[in-house]
Amino acid sequence: MTDIGRVHSEETYLRLIGKVRELTRKCGGVECAADVTRVSFGTLSRYQRVQSPEYARIDVIIDLEKDCGVPVVSAAMARASGHALVKLPDGVGRGDVVGTLGRLHAELADVTGRIGQCLANDGCVTRDEIIQTRLRKEIDDLLRAVVAMDAEIKAIEEGGDD
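Using this note's numbering, the letters of the sequence shown correspond one by one to residues 1 to 162.
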């Protein structure tokens with residue numbers, strides 16, 4: 001790989017190529033992946049080679065991620081640019097601020113409780129405790145609740161209800 005005009009490290013680009021491989025596997029392999037997008041088996045294969053000057057096109061990534069239901073490459077790209085990717089909740093934007101607020105508080109309580117469990121023994125949060133308490137899952141749920149609240153408020157704001 002050449003780094004001419006590159007903003008990120010070679011490691012970042014290699015990680016993204018690896019994510020394209022992972023995405024292709026989640027779609028059932030190169031042959032199955034070629035069936036759900038506009039590019040051929042050969043093109044998908046080239047996208048996965050470190051030495052190839054070709055990278056997976058955006059529309060191909062979207063097609064494959066929709067097929068497997070997991071934003072493998074999009075999440076890695078977001079992370080590489082200093083962002084986080086949060087799944088949009090279903091059925092938001094109906095003006096149910098009170099119900100959404102209740103879910104938001106419940107998710108925050110779950111996160112707070114899990115962190116409390118981690119801290120209970122020694123005042124530290126360890127990798128094993130994070131895994132055992134499923135803390136990351138609870139944080140993801142909280143983020144989705146925050147996004148849902150934002151969608152509810154945005155719907156009201158754009159609807160012009162006073």
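A virtual CB, placed ideally from N, CA and C, is assigned to each residue, including glycine.
None of the values given here were measured: they were computed from a predicted structure.
Output needed for residue i: all residues of its chain with C-beta closer than 6 Å, excluding positions within five of it in sequence on either side, in chain order.
i          : result
residue 27 : 33, 64, 67, 68
How many whole angstroms separate the CB atoms of residue i and residue j, which I take to be in contact at a CB cut-off of 8 Å?
i           : j           : result
residue 37  : residue 73  : No, residue 37 and residue 73 are not in contact; Cβ-Cβ is about 13 Å, not under 8 Å.
residue 56  : residue 12  : At roughly 15 Å, the Cβ-Cβ gap does not stay under 8 Å, so residue 56 and residue 12 are not in contact.
residue 103 : residue 148 : 7 Å
residue 86  : residue 144 : 6 Å
residue 118 : residue 129 : 4 Å
residue 52  : residue 30  : About 14 Å separates the two Cβ atoms, so there is no contact after all.
residue 77  : residue 16  : 7 Å
residue 48  : residue 21  : 5 Å
Taking the beta carbon of residue i as the centre, do at least 16 other beta carbons fall within 10 Å, making it buried, or is it exposed?
i           : result
residue 124 : exposed
residue 14  : exposed
residue 152 : buried
residue 110 : buried
residue 136 : exposed
If you follow the alpha helix (DSSP H) that residue i is part of, which residue opens it and which one closes it?
i           : result
residue 105 : 97 to 120
residue 54  : That residue, residue 54, is in no alpha helix (DSSP H); it is neither H nor E in DSSP.
residue 74  : 72 to 80
residue 14  : 10 to 26
residue 136 : 135 to 159
Helix, strand or coil: which one does DSSP assign to residue i?
i         : result
residue 1 : For residue 1, the predicted model reports a pLDDT of 49, less than 50, meaning its position is unreliable and no value from the coordinates is stated.
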